[in-house]
Amino acid sequence: MTPLQEDTYPQPAVKKPLGNPGLWRVLVLTLFFIGLAVVYAVYGDQISADILMLVLGLLAVLGVFSLFGLAAGLFRLSHHDDGPALQNAIVDSLDYGAVVSDRDGRLVYANAAYGELVAGLDRTALASVPRLFASAPEAAEPIYRLSRAAQEGRRAVEDIRLTTSLTGENPEMPIWYRVRVQSLPAVDQAGGRALVMWSVEDISRDRAKQENIFLELQRAIDYLDHAPAGFFSTNGNGQIQYLNATLANWLGYDLAEFDTGSIQLSEIVRGDGSGLLLGGSADGQIKTEIIDIDLVKRDGTNLPVRLLHRAARLAEGDLGETRTLVLDRSKGADLSEELRTAEVKFSRFFNDTPFAIAAVDSQGRILRTNAPFMRTFDNERGERPIDHLPLSDFVSDDAKANLLTALEQANANHSTIEPVDAVLKSDEERSVRLYVSGIEDPDEQGESAIVYALDTTQQRVLEQQFAQSQKMQAVGQLAGGIAHDLNNILTAVIGFSDLLLLNLRPNDPSFKDTMEIKQNANRAAGLVRQLLAFSRRQTLRLEVLEVSLLVDDLTVLFKRLIGDSISLSVDHEAELWAVRADHVQLEQVVINLVVNARDAMPDGGSVDIRTRNVTEAEAATFNYRGMPAADYVLIEVADTGTGMSQEVQDKIFEPFFTTKDIGKGTGLGLSTVYGIVKQTGGFIYADSELGRGTTFRIFLPKYAHVPREAADRAITQKARDLTGKERILIVEDEDSVRAFSARALSSAGYVVHEADSGVAALEVLEEIDGEIELLISDVVMPEMDGPTLLGEMRQRYPDIKVIFVSGYAEENVRKGLEDDVSVEFLPKPFSLKQLAAKVKTVLEGETEDQADLD
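Position one of the sequence shown corresponds to residue 6 (this note's numbering), numbered consecutively onward.
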């Protein structure tokens, strides 16, 4: 053991017990017995025989008990502790230096290895670890940190690099020491000091080995970087983890700027080739494939290459990392120029064709594919392994039998095989048409047939949309024609009812009957408006609306409509955007959806109406067909009713389709809603599940420019003077409508002239020498229609004011008016008040908004 001498701190005296504790016990016991003998010799005559026998008996019992205790090992006469010696032997056997000191650096113990470490120092006393490295400037900072850790009782470790040895010599290689310090749980028994243990280990050999390994690794990377072939590796997400300098140079990338994962495989592989490379093996085996394909340089040009590619699945089924060797095919050396050119052209044709191509064996299992196959069959990122999987697994069950039949015909070398239309099993929204062609002489790989797949998803969608649009157009034309004739009749019924009501008092018996006639005529007019809304031929009075206010105004009505067994909740997002729509028609849309929700919950439930803003970014994430990404205001009407099957959902917006009992629904409700929403420029979709309920979502375009006065306008109607003295010419081929209009305006004080056609109107104008202020004309008339009459009149009387009335939509009327925006429009059917208000507005030269403000 190394003697504990320190060149700085004096060593404290270590206190130890004097002698052997077991020997002292024997001496005390001997003196006790001698004392008893002396007492007996002096006072033996005075001690009775009974007491003497008692003492002798106790001593005998004590002796017998001691013998049994010694035999049983209950106690020993002497005690020998081998613990410190054993501990010292263990510490001395360590191959690195170990020193125990207090926190102030005073040494308590040092093992033999530490003595050998400092043996070469020219010192007469044993140095502590801080003193050991005091002559090395490189060690100043780490030794300071270790000393602080020792004083604070913390564990610390530092690797110290010295260019000169502790003895002052200059070695060929740097010397590395690993110095540790940690506090000991026990304290010095003598002084009660907290102790720490230092260890000093020479790790120069390990460091040299690590540096050699690093140098070898750098050399291997350098060899790979400058190999005559390119190389890259990707992870399962298609991110390039590594590419060598050769490939980076070919593609035009600066390797110094490359970071792991900064380039996607799809950025350097042309077309759908990334999906082909991420396919992997179905059984998880690692095998090499040879693929001729084009890579994309950074400048966008093509680089024809041959890939030696490896990709495998992990044990969990996920795609593992790939390893790909890249050979430049643009400068072939081992093949003739003609053959090389032919192979490159075929590679481009095979992988760049819009058709998906797969070679299958006699069992219909996939042997190889081109790049578009992965995209067509919804496997662009290699989500599923395809190698040696049956092609029939990728199509829906209803097309599987037809595909297997076609493959059997290909195996039998049939010359004509009917194509197979199929829906993808992974996505029922996508469809393909499969063309199967047999191979007369199967090759060594077992290829028996070639399958060409054409993506027909867009074609099928267009066919469905075209069929639907044709059906809607036919019904719309029918609805528009019927609406025109009905509007003429309803205009007369409503108008003459108004004339009768002018002469009847509320207590008159005929007043109630006349009101019933007018109300039923208005109901019929509402049905006609539904027909026009469905055919998108109605006239919408567009204005800036706040949807939340519109819904809140209808809340009381909703509660009456749904009853007590159904709960209603309304939730609006704060700062909802404005929309531009027809106030009345949008109310009709929401009411219709709430009524449908009520009918879907015969046993009660809940209706939730929610409104919120949908940003363009959020709209882009939706999977609703036909709706472009834009800013929308969303109106949701959700119920907890019976829900709808997919078959019903496909037909809910069709005219005259209803699931209600006969006599309880016209089938025009949702088709009308659809027409109004579409004519407003919005979109409507239904999400439903049987037994769970239905949610209708209406997306209305955000109105970007909202004048402050228009947004905050509260339109209030107040009484207006609807009388006048101007001269008016009414041109209408329907006698009843013309008669009502003439009587209504005459009763308001106007001078009215009548004509039943455009030709007659020109004759009337000549008779009165054109002295009229306003022309009111029907649009559709025999001999000369309204637009033609207007053209004739503009030549003679360019400043005359015109109102067109029609049962058709205003948009259809204005098609024949060219750019004459001064012409006003009044849709049929109209009431007496509506006619008088429109005439007053036009004669006074007001706009529609000004009239509303009045």
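Glycine included, each C-beta is placed from N, C-alpha and C at the ideal position.
Inset, instruction - Specify whether the region 560-568 and the region 588-602 touch according to this definition: at least 3 beta carbon pairs, one from each stretch, less than 8 Å apart. - result: These segments touch.
Legend entry - Contacts around Glu759, its chain only, beta-carbon distance under 7 Å, and the 5 residues preceding and following it disregarded: As a first step, residue 759 is located in the sequence shown; it is residue number 754 there, counting from the start. Cβ neighbours of Glu759 beyond the five flanking positions: Ile735, Arg743 and Ala747.
Inset, instruction - Measuring alpha carbon to alpha carbon, tell me which of Tyr690, Val807 and Leu505 ends up nearest Ala749. - result: Stepping through the sequence shown from its first residue, residue 749 is reached at position 744. Ala749 has its Cα closest to that of Leu505, out of Tyr690, Val807 and Leu505.
Inset, instruction - Following the continuous alpha helix (DSSP H) through Phe563, name the residue where it begins and the one where it ends. - result: The count along the sequence shown starts at 1 and reaches residue 563 at position 558. Residues Thr560 to Ile567.
Inset, instruction - Would you mind working out which of Asn618, Leu412 and Asp366 sits nearest Glu452, comparing C-alpha positions? - result: Position 447 of the sequence shown holds residue 452. Restricting attention to Asn618, Leu412 and Asp366, the CA atom closest to the CA of Glu452 is found in Asp366.
Inset, instruction - Pick out whichever of Gly158, Ile180, Glu157 and Asn240 has its Cα sitting closest to the Cα of Thr168. - result: As a working mapping, residue 168 is identified with position 163 in the sequence shown. The shortest C-alpha separation from Thr168 is found at Ile180.
Inset, instruction - Report all residues from its chain with a CB closer than 7 Å to the CB of Met789; omit the five preceding and five following residues, and keep chain order. - result: Position 784 of the sequence shown, counted from the start, is the residue given in the question as residue 789. Cβ contact annotation for Met789 (same chain, cutoff 7 Å, sequence separation greater than five): Ser762, Gly763 and Val764, in chain order.
Legend entry - Rounded Cβ spacing between Val638 and Lys683 (contact assumed at less than 8 Å): Along the sequence shown, read from residue 1 onward, the residue named residue 638 stands at position 633. Along the sequence shown, read from residue 1 onward, the residue named residue 683 stands at position 678. Contact flag wrong, Cβ pair sits at about 16 Å.
Legend entry - Given 8 Å, three or more beta-carbon pairs between the region 400-412 and the region 425-440: Touching, yes, given that three or more Cβ pairs across the two stretches are closer than 8 Å.
Legend entry - Endpoints, beta strand (DSSP E) assigned at Thr699: Taking the first residue of the sequence shown as 1, we reach residue 699 at position 694. Thr699 -> beta strand (DSSP E) spans Gly698 to Pro706.
Inset, instruction - Please determine if the region 609-617 and the region 726-740 are in contact, where contact requires at least 3 C-beta pairs separated by less than 8 Å. - result: These segments do not touch.
Inset, instruction - Would you mind stating whether Leu260 and Ile273 have Cβ atoms separated by less than 7 Å? - result: Here residue 260 refers to the residue found at position 255 when the sequence shown is read from its first residue. Here residue 273 refers to the residue found at position 268 when the sequence shown is read from its first residue. Not closer than 7 Å, so no.
Legend entry - Simplified DSSP state of Leu581, which is helix, strand or coil: What you label residue 581 is simply residue 576 of the sequence shown in a count that begins at 1. When DSSP states are grouped into helix, strand and coil, Leu581 belongs to the coil group.
Legend entry - Residue range of the unbroken beta strand (DSSP E) whose run includes Val828: Taking the first residue of the sequence shown as position 1, residue 828 is located at position 823. Per DSSP, Val828 lies in no beta strand (DSSP E) and is assigned neither H nor E.
Inset, instruction - Could you tell me the distance, in whole angstroms, from the CA atom of Tyr101 to the CA atom of Tyr114? - result: Counting from one through the sequence shown, the residue named residue 101 turns up at place 96. Counting from one through the sequence shown, the residue named residue 114 turns up at place 109. Whole-angstrom Cα-Cα distance: 14 Å.
Legend entry - the region 103-120 / the region 195-212 touching (three or more Cβ pairs under 8 Å): Flag = yes, the region 103-120 and the region 195-212 touch.
Legend entry - Local conformation of Lys838 per DSSP, three classes: Stepping through the sequence shown from its first residue, residue 838 is reached at position 833. If DSSP states are grouped into helix, strand and coil, Lys838 belongs with the helices.
Inset, instruction - Locate the alpha helix (DSSP H) running through Arg801, then write down its first and last residues. - result: Locating residue 801 in the sequence shown gives position 796, where the first residue counts as 1. Here the alpha helix (DSSP H) through Arg801 covers Gly791 to Arg801.
Legend entry - Helix, strand or coil at Tyr119 according to DSSP, with G and I counted as helix: The count along the sequence shown starts at 1 and reaches residue 119 at position 114. Three-state DSSP puts Tyr119 in a helix.
Inset, instruction - Below 8 Å CB to CB, which residues in the same chain sit around Glu770 once its five sequence neighbours on both sides are set aside? - result: On the sequence shown, residue 770 is found 765 positions in, with the first residue counted as 1. Here residue 770 turns out to be Leu, not Glu, going by the sequence shown. Correct list, in chain order: Leu734, Ile777, Met798, Arg801 and Tyr802.
Legend entry - At least three beta-carbon pairs within less than 8 Å, the region 241-248 to the region 215-227: Segments in contact, no.
Legend entry - Close-in-space but distant-in-sequence residues of the same chain around Gly812 (CB under 6 Å, 5 per side omitted): For the purposes of this step, residue 812 is taken as residue 807 along the sequence shown, with counting starting at 1. For Gly812, where only same-chain residues beyond five positions count, the Cβ hits under 6 Å are Ala488, His489, Asn492 and Lys833.
Inset, instruction - Mark Glu171 as exposed unless 16 or more other C-beta atoms lie within 10 angstroms of its C-beta, in which case mark it buried. - result: Taking the first residue of the sequence shown as 1, we reach residue 171 at position 166. The sequence shown places Leu at residue 171, not Glu. By the neighbour-count criterion, in which 16 or more other beta carbons inside 10 Å mark a residue as buried, Leu171 falls on the buried side.
Inset, instruction - Measure the alpha-carbon distance for Phe237 versus Ser676 and round it to whole angstroms. - result: As a first step, residue 237 is located in the sequence shown; it is residue number 232 there, counting from the start. As a first step, residue 676 is located in the sequence shown; it is residue number 671 there, counting from the start. In a straight line, the C-alpha of Phe237 is about 57 Å away from that of Ser676.
Legend entry - C-beta contact flag for Gly235 and Val331 at 7 Å: By one-based count along the sequence shown, residue 235 stands at place 230. By one-based count along the sequence shown, residue 331 stands at place 326. Contact: yes.
Inset, instruction - Apply the 10 Å Cβ neighbour rule to Leu554 and answer buried if 16 or more other Cβ atoms are within range, or exposed otherwise. - result: As a working mapping, residue 554 is identified with position 549 in the sequence shown. Per the 10 Å Cβ criterion, exposed.
Inset, instruction - Would you kindly check if the distance between the Cβ of Val466 and the Cβ of Leu439 is under 7 Å? - result: What you label residue 439 is simply residue 434 of the sequence shown in a count that begins at 1. What you label residue 466 is simply residue 461 of the sequence shown in a count that begins at 1. Going by C-beta atoms, Leu439 is not nearer than 7 Å to Val466.
Inset, instruction - Can you tell me the Cβ-Cβ gap for Leu507 and Val552, rounded? I've got them flagged as a contact below 8 Å. - result: As a first step, residue 507 is located in the sequence shown; it is residue number 502 there, counting from the start. As a first step, residue 552 is located in the sequence shown; it is residue number 547 there, counting from the start. Between Leu507 and Val552, the beta carbon gap of about 39 Å keeps them out of contact (Cβ cut-off 8 Å).
Inset, instruction - Within its chain, find whatever has a CB closer than 8 Å to the CB of Ile56; leave out the 5 residues flanking it on each side and keep chain order. - result: Here residue 56 is taken as the residue at index 51 of the sequence shown, counted from 1. Closer than 8 Å at Cβ, skipping near neighbours: no residue.
Inset, instruction - Determine the burial state of Ala141: buried for a count of at least 16 other Cβ atoms within 10 Å of its Cβ, exposed for fewer. - result: Here residue 141 refers to the residue found at position 136 of the sequence shown. Note on Ala141: 16 or more other CB atoms within 10 angstroms of its CB, so buried under the neighbour-count rule.
Inset, instruction - Grab me the residues of Leu695's own chain with a C-beta within less than 8 Å of its C-beta, minus the 5 sequence neighbours each way, in chain order. - result: Counting from 1 along the sequence shown, the entry for residue 695 is found at position 690. For Leu695, where only same-chain residues beyond five positions count, the Cβ hits under 8 Å are Thr647, Gly648, Met649 and Ser650.
Inset, instruction - May I ask which residues mark the beginning and end of the alpha helix (DSSP H) holding Asp738? - result: As a working note, residue 738 is residue 733 in the sequence shown. Per DSSP, Asp738 belongs to no alpha helix (DSSP H) and is neither H nor E.
Inset, instruction - Could you spell out the range, first to last residue, of the beta strand (DSSP E) harbouring His314? - result: Sequence index remark: in the sequence shown, residue 314 carries index 309 (1-based). For His314, the uninterrupted beta strand (DSSP E) run begins and ends at Asn307 to Arg315, by DSSP.
Inset, instruction - Kindly indicate which three-state DSSP category Leu232 falls into: helix, strand or coil? - result: Walking along the sequence shown from the start, residue 232 turns up at place 227. Note that residue 232 is Ala in the sequence shown here, rather than Leu. In the three-state reduction of the DSSP assignment, Ala232 falls in the coil class, being assigned neither a helical nor a strand state.
Inset, instruction - Reducing DSSP to helix, strand and coil, say where Ser782 ends up. - result: By one-based count along the sequence shown, residue 782 stands at place 777. Under the three-state reduction of DSSP output, Ser782 falls in the strand class.
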